[in-house]
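Below is one structure; the comments refer to it alone.
Protein chains: 2
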Amino acid sequence: MSRTEAIDRYLQEHLEAYLQETIRLCAQPSVSATGEGVLECAQLVEQILQQHGFETWKIEGYGNPVVVGRAAGKSERTLLFYNHYDVQPPEPLELWDSPPFAPQIREGKLFARGAKDDKGEFMARLAAVEAVRAAHGGELPCGVLFVVEGNEEVGSPGIARFVQDHLDLLKCDGAIWEEGGIDFEERPGTSLGRRGILALELEVETLSRDAHSGNAHILPSAAWRMVRVLAALKDENERILIPGFYDHVRPVSEQDLELLRNLPDLEAYLRQSFGVRGFVNNLSGFELRKAVFNPTCNIQGITTGYQGPGTKTVIPARAKAKLDFRLVPDQDPTDILQKLRAHLDAEGFTDVQITHADYMFPARSDPQHPLVELAARTAQEVYQKPYQRIPLTGGSSPVYAFAGPLNIPVIDAGVGYGITNRTHAPNENIRIQDFHNAARHIARILDGFAGIF
Amino acid sequence: MSRTEAIDRYLQEHLEAYLQETIRLCAQPSVSATGEGVLECAQLVEQILQQHGFETWKIEGYGNPVVVGRAAGKSERTLLFYNHYDVQPPEPLELWDSPPFAPQIREGKLFARGAKDDKGEFMARLAAVEAVRAAHGGELPCGVLFVVEGNEEVGSPGIARFVQDHLDLLKCDGAIWEEGGIDFEERPGTSLGRRGILALELEVETLSRDAHSGNAHILPSAAWRMVRVLAALKDENERILIPGFYDHVRPVSEQDLELLRNLPDLEAYLRQSFGVRGFVNNLSGFELRKAVFNPTCNIQGITTGYQGPGTKTVIPARAKAKLDFRLVPDQDPTDILQKLRAHLDAEGFTDVQITHADYMFPARSDPQHPLVELAARTAQEVYQKPYQRIPLTGGSSPVYAFAGPLNIPVIDAGVGYGITNRTHAPNENIRIQDFHNAARHIARILDGFAGIF
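In order, the protein sequence lines correspond to chains A and B.
Numbered per the working numbering, the first sequence spans residues 1 to 453.
Numbered per the working numbering, the second sequence spans residues 454 to 906.
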């Protein structure tokens with residue numbers, strides 16, 4: 001029996017046990033937004049890691065505790081798994097078919113808050129570790145590190161500092177990010193880059209209180225001022241008007257274009273899914289795919305004046321706008337924040353406050369790194385489909401906090417299935433078959449990891 | 454004893470009786486926003502008019518009943534009083550020192566919801582009518598008409614049609630509007646014009662649901678589209694960009710400028726009252742006063758996207774903005790509405806909906822009309838200060854619904870006092886002395902009215 005066969009047999013035989021362990025973990029609430037059950041869950045995660053042969057640390061000082069597990073292997077090479085034990089709030093409860101923290105298996109799926117995001121992912125990885133350890137006669141072929149944090153669903157505010165403070169403990173040669181799996185057409189794949197983000201609020205006050213709109217010829221309106229501010233940030237062709245904004249944008253490489261060409265076409269899917277008549281700048285085809293390399297300035301929301309039913313003849317005294325800028329390699333969100341302030345000042349908007357600024361840096365991994373090749377080869381084995389290499393995804397994540405300081409490639413592999421996971425929503429679930437396949441894929445990566453260097 | 458002395462003596466002797474009648478009327482709730490007590494109040498007003506010798510009509514079909522009272526006089530000339538019996542909701546109740554519908558006199562003031570707006574005004578006029586009738590030996594020197602409506606606090610939606618439908622019944626030679634009195638420095642005066650208004654909502658939808666902002670490079674944002682729409686309505690110098698918007702703006706006359714020059718300077722007051730650093734377009738001095746002749750485009754409020762605490766990385770699918778345009782003579786709100794639609798279409802905003810459009814026309818009265826001269830002469834007698842003639846006020850009212858179809862001048866005289874009435878707010882009140890003076894002033898106008906033609 002080959003080692004791969006041994007791994008698969010182990011996983012087949014122990015699948016039920018790992019599902020039961022996942023159920024136990026999902027039954028423990030851990031809502032970081034409210035604090036419910038978070039400390040108990042950190043404790044439970046540490047216990048589970050210990051039960052699976054990991055040396056553990058529960059590290060305080062970065063928000064909710066960060067649980068670290070380390071297991072040595074035959075090789076010095078170490079693979080890091082980033083996961084999180086916190087979950088999104090389960091509300092609205094009335095839309096769940098079974099209670100969010102009473103996990104239930106039905107129709108080949110496990111339903112629970114956190115089943116997918118991120119407790120199922122974590123447990124599939126532990127299953128993979130055990131399978132590989134068994135197939136290697138009780139000793140792992142490479143070192144394994146788990147970083148399981150408790151603030152991911154509230155934006156991981158402490159994780160970058162945590163990594164900086166623990167570079168020795170976290171020394172490793174590659175990482176698998178919190179999630180992965182297959183898309184809505186069952187294709188496996190990985191993101192090889194995430195955009196950064198600079199989120200902030202703009203606030204302006206023109207009057208000490210709302211005034212009657214019969215005075216609109218003389219009293220300055222915060223609503224109009226905010227419109228002017230926003231119009232000064234981006235032109236009608238989506239070009240961001242902050243001087244120097246594009247200075248550090250890395251040109252799109254021929255390799256990136258090639259990766260984009262190999263990706264499936266999402267245009268029809270997006271058009272249908274969001275009822276879109278026309279895309280931004282009337283983009284279509286390959287240009288639409290390439291647009292992910294454009295940084296963006298998004299308005300999350302605007303609040304000003306009267307928003308109730310009917311009419312209220314007021315001049316708004318205050319206006320707020322929440323914005324997020326998605327940044328591409330090698331833009332620096334702290335640099336962009338300074339340039340934004342300078343731009344507002346130069347345009348005469350010195351009275352406009354920037355508050356609540358928060359950010360993540362962009363990150364890229366080398367598409368040709370041997371870890372990517374290994375993940376692709378093993379994904380083909382498990383899923384019988386090519387592993388999609390997405391050069392850059394539109395969202396943001398704390399990948400940068402690990403990739404940069406630890407100088408490692410970061411890839412995705414996991415239990416996800418693009419159609420039905422209902423992540424962050426009622427009836428969150430995973431398919432048992434995806435849990436099984438994720439463990440098989442990750443075990444193969446662990447099995448081959450030491451050999452790629 | 455002169456007729457004026459007889460009038461003043463009558464009012465002095467009967468002041469207490471009219472205050473008691475005002476208290477009785479204010480004790481009857483009549484909240485048009487909720488319907489509370491409205492029909493009972495219409496009944497009560499009709500009864501009061503009958504008790505004071507008026508023939509009455511309670512006219513249905515225009516919202517809450519319109520109560521009309523008519524009393525003939527020696528002359529065919531007729532003066533119309535426009536008033537309303539409905540009041541604003543009394544909430545928040547906890548901020549009242551005495552219950553809103555349990556009128557209370559203390560410290561020389563009458564406190565009640567409606568004491569000022571508009572029941573005290575109505576009763577001061579009835580007192581004036583009685584005083585004049587008594588001084589003229591039991592017969593009025595001119596005809597008197599009361600129009601007391603019940604929808605003023607919800608925008609008088611039926612009043613223009615009501616007037617159009619009852620031109621014969623309402624035939625008259627001049628009108629005193631619902632309110633009047635003295636300003637914060639105890640100066641009497643009148644508005645001689647009101648701006649019109651076109652209020653509406655703009656709505657736009659770019660997606661069938663909010664999307665993750667990681668897609669902002671491809672999915673169109675309703676928030677950004679609304680910013681573009683608004684920016685296309687007005688330039689940074691307050692010039693409204695709708696083609697033809699200014700076509701029917703009547704030039705400011707030399708007479709208007711002269712009236713403006715005679716008005717007190719409100720700049721310091723406004724600056725302090727609203728904490729204003731700079732006025733619109735950095736106006737100051739005489740230019741600031743003159744700006745009331747500029748029509749405006751005001752944003753009442755904007756609603757789009759996420760407005761709660763913290764950050765939410767969404768692209769808003771929908772955006773709404775409530776606007777009001779204040780229009781000057783001779784702009785026509787129905788014409789402006791058509792031009793706005795045409796402008797949006799021409800600018801490519803065919804997807805932007807205009808909803809909830811509602812309007813009033815602007816109105817002007819001739820500053821030299823003998824009724825204005827009469828009111829000024831008698832105001833000087835009563836208040837010992839010149840009667841301010843304000844050529845145009847910034848707000849809007851249904852004055853136009855009477856002034857145009859009946860072809861009459863419309864002036865203000867009443868019980869108001871700019872500092873303490875707390876109209877629409879808790880502890881609404883009038884000063885007894887202002888009630889008394891309003892009756893004296895209005896009685897003098899009634900006394901002289903037939904003689905000015």
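Beta carbons: idealized from backbone N, C-alpha and C, even for Gly.
Quick check on DSSP: helix, strand or coil for A:P100? coil
Whole-Å CB distance - A:T78 paired with A:G143, under 8 Å assumed: 3 Å
Between the C-alpha atoms of B:Y836 and B:E639, what's the straight-line distance to the nearest angstrom? 8 Å
Please go through the same chain and pick out, in chain order, the residues whose beta-carbon is closer than 6 Å to the beta-carbon of B:V863, but skip the five residues on each side of it. A628, W630, S818, V852 and A856
Which residues, in chain order, does the segment 302-321 of chain A contribute to contact with chain B at a C-beta distance below 7 Å? I302, T303, T304, G305, Y306, Q307, T311, K312, T313, V314, I315 and P316
Partners in chain B for A:L522, counting only beta-carbon separations shorter than 8 Å: Within the shown structure, residues of chain A are numbered from 1 to 453, placing residue 522 of chain A beyond reach of any answer.
Going by DSSP, what residues sit across from A:I354 in a beta bridge? A:L202
So with Cβ pairs under 8 Å, would you call B:G738 a contact of chain A? no
Please give the ranges of any alpha helix (DSSP H) in the segment 719-778 of chain B, keeping only runs that are unbroken, at least 4 residues long and fully inside the region. 720-726 and 738-743
Host alpha helix (DSSP H) of A:R187 (start-end): First-last for A:R187: undefined, no H or E at that position.
Suppose you measure from the CA of B:T756 to the CA of B:R771; what does that come to, to the nearest Å? 9 Å
If you draw a straight line from the C-alpha of A:V45 to the C-alpha of A:K339, how long is it? 42 Å
In whole angstroms, give me the CA-to-CA distance for A:I430 and A:V38. 22 Å
How many Å lie between B:A685 and A:E258 at the Cα? 41 Å
Would you give the residue range spanned by the beta strand (DSSP E) that B:H537 belongs to? T531 to H537
Spatial neighbours of A:Q466 within its chain, please: CB distance less than 8 Å, with the 5 preceding and 5 following residues excluded, ordered by chain position. This structure leaves residue 466 of chain A out entirely; chain A is present only between 1 and 453.
How big is the Cα-Cα spacing for B:A832 and B:Q821? 16 Å
Look up B:F564 in the DSSP assignment and give the residues it is bridged to. B:Q557 and B:N882
I'd like the list of long-range same chain contacts for A:V68, defined as Cβ closer than 6 Å, with 5 residues on each side in sequence excluded. W57 and V147
Residue span of the alpha helix (DSSP H) that contains B:K572, given as start and end: K572 to A588
Examine the Cβ distances between the segment 726-740 of chain B and the segment 665-674 of chain B and report whether three or more of them are shorter than 8 Å. no
Please list, in chain order, the chain E residues whose beta carbon lies closer than 7 Å to that of B:E689. No chain E is part of this structure, whose protein chains are labelled A and B.
Identity of the residue in B:V682, B:C750, B:I752 and B:N860 nearest B:D798 by Cα: B:V682
Where do the ends of the beta strand (DSSP E) carrying B:A669 lie? That residue, B:A669, is in no beta strand (DSSP E); it is neither H nor E in DSSP.
Taking B:R779 and B:G847 to be in contact with their CB atoms under 8 Å, please state how far apart those CB atoms are, rounded to whole angstroms. 6 Å
Whole angstroms is fine: what's the gap from A:M123's alpha carbon to A:L25's? 9 Å
Could you pull the start and end residues of the alpha helix (DSSP H) that B:L502 belongs to? V491 to Q504
Is there a Cβ from chain A that is less than 8 Å from the Cβ of B:Q541? no
List the residues of chain B whose Cβ lies closer than 7 Å to the Cβ of A:T296, in chain order. A669 and H670
Can you grab the Cα-Cα spacing for the pair A:H343 / A:R239, in whole Å? 14 Å
Using a Cβ cut-off of 7 Å, pull out every chain B residue sitting near A:D358, in sequence order please. T764
Which residues mark the beginning and the end of the alpha helix (DSSP H) in which A:R422 is found? A:R422 -> no alpha helix (DSSP H), and no H or E assigned at all.
Of all the CB atoms in chain A, is at least one closer than 8 Å to the CB of B:F902? no
So which of A:A131, A:L200, A:D168 and A:M226 has the shortest CA-CA distance to A:I354? A:L200
Under 8 Å, with one C-beta from each stretch per pair, do the segment 247-262 of chain A and the segment 384-392 of chain A reach the 3-pair mark? yes
Those residues which DSSP pairs with B:R703 across a bridge: The partner list for B:R703 (beta bridge, DSSP) is empty, contrary to what the question assumes.
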